[in-house]
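A.B. asks:
Residue numbers (the working numbering): 4 to 297.
(1) Got a sec? Which residues, its chain only, sit under 7 Å from residue 283 by beta carbon, not counting five neighbours each side?
(2) When DSSP labels each residue in this structure, what does residue 88 get in the three-state scheme?
(3) Please work out which residues of its chain come closer than 7 Å, Cβ to Cβ, to residue 261, disregarding the five sequence neighbours upstream and downstream, and give them in chain order.
(4) For residue 106, verify whether its CB is less than 6 Å away from any heavy atom of the ligand GDP.
(5) Helix, strand or coil for residue 72, going by three-state DSSP, please let me know.
(6) Residue 191 and residue 249: beta carbons closer than 7 Å?
(7) Determine contact between the region 196 to 205 and the region 270 to 278, defined as no fewer than three beta-carbon pairs at a distance below 8 Å.
(8) Counting pairs of beta carbons, one from the region 35 to 42 and one from the region 116 to 126, are three or more of them closer than 8 Å?
(9) Leaving aside the five residues before and after residue 252 along the sequence, list all residues of the same chain whose C-beta is less than 7 Å from its C-beta, in chain order.
(10) Could you give the residue range of the beta strand (DSSP E) that holds residue 292?
(11) Roughly how many angstroms lie between the CA atoms of residue 136 and residue 122, to the nearest whole one?
(12) Please give me, in chain order, every unbroken run of the alpha helix (DSSP H) with length at least 4 that falls completely inside the region 121 to 191.
(13) Could you spell out the range, first to last residue, of the beta strand (DSSP E) harbouring residue 106?
(14) Which residue or residues does DSSP assign as beta-bridge partners of residue 50?
(15) Can you tell me the Cα-Cα spacing of residue 35 and residue 27, whole angstroms?
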């Protein structure tokens with residue numbers, strides 16, 4: 004049962020209430036922001052809750068079982084509160100959220116309604132909408148392994164064992180030409196073959212996106228440079244001279260693990276598992292039928 008401050012409880016029982024909702028958002032990079040649906044700023048717990056974003060919340064779902072509880076927050080994209088570039092750069096992904104009900108005449112009278120994390124974030128013109136997932140969401144995910152041909156390890160993790168910091172698997176470059184918001188030409192990768200960094204991980208080290216990460220869709224040789232394509236646009240506009248580091252990509256196939264990384268002994272897939280056709284196959288007179296491998 005949720006504990007309610009006695010003074011707030013008495014206020015709720017009176018005929019006219021002065022209540023506001025406040026949202027505290029703590030990003031992974033350490034930034035903490037506060038929003039409120041009240042018409043002036045409120046301050047408590049070391050956080051100032053600003054009304055500038057015009058925040059508005061959907062009804063909060065709560066349940067006694069382990070089903071996922073969800074809510075939403077909407078607001079305006081404004082430089083004073085929440086920048087569109089930060090939203091696009093993914094700085095609010097999985098940010099911790101607290102939702103408070105507050106007596107705006109006396110902020111000491113307040114109650115924590117919910118804790119959660121930000122899930123799906125969408126932009127609608129000059130407004131944003133963010134899904135707030137309850138703590139039980141972490142339990143609503145499939146864990147464990149499945150039988151599949153592809154490797155389920157992350158390149159460079161403990162199960163994989165590949166040293167992605169080795170010179171053979173890591174490159175550094177800079178943008179020399181911009182094709183669009185997801186594709187650019189880069190220098191510094193001439194020593195690596197075409198496709199070496201396809202499916203790889205890129206870290207921006209200089210420029211407006213410094214510190215942000217991206218996934219490489221493709222890397223191909225151009226006449227004078229390497230053409231790099233990203234799966235998603237960068238959070239902020241790319242500029243010539245922006246520097247990055249990039250690690251080799253893995254397509255999760257056993258053949259790649261053996262030829263590219265010499266790491267088949269640690270392959271975490273089941274590449275010798277018979278396919279679906281094997282289950283319905285039957286012997287034919289013309290076949291060898293010697294029990295050999297398929």
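Virtual Cβ for every residue (Gly too), placed ideally from N, Cα, C.
C.D. replies: Well, looking at it:
(1) Within the chain shown, residue 283 is the residue found at index 280, counting from 1. So no residue of the chain qualifies.
(2) Your numbering for residue 88 matches position 85 in the chain shown. Helix, per DSSP.
(3) Mapped onto the chain shown, residue 261 falls at position 258. Answer for residue 261: 267, listed in chain order.
(4) The ligand GDP is not part of this structure, which contains no ligands at all.
(5) Position 69 of the chain shown, counted from the first residue, corresponds to residue 72. Any reading at residue 72 must be qualified, since the residue scores a pLDDT of 49, below 50, and its modelled position is unreliable; the value itself is stated next. It is coil, neither helix nor strand.
(6) The sequence position of residue 191 within the chain shown is 188, counting from 1. The sequence position of residue 249 within the chain shown is 246, counting from 1. Cβ atoms of residue 191 and residue 249: not closer than 7 Å.
(7) no
(8) no
(9) Locating residue 252 in the chain shown gives position 249, counting from the first residue. Contacts found: 200, 201, 202, 203, 219.
(10) Numbered from 1 along the chain shown, position 289 holds the residue referred to as residue 292. No beta strand (DSSP E) contains residue 292, which DSSP labels as neither H nor E.
(11) One-based indexing of the chain shown puts residue 136 at position 133. One-based indexing of the chain shown puts residue 122 at position 119. So the alpha carbons of these two residues sit roughly 6 Å apart.
(12) none
(13) For the purposes of this step, residue 106 is taken as residue 103 along the chain shown, with counting starting at 1. Element bounds for residue 106: 99 to 106.
(14) Stepping through the chain shown from its first residue, residue 50 is reached at position 47. 47.
(15) Numbered from 1 along the chain shown, position 32 holds the residue referred to as residue 35. Numbered from 1 along the chain shown, position 24 holds the residue referred to as residue 27. Distance between the alpha carbons of residue 35 and residue 27 is about 7 Å.
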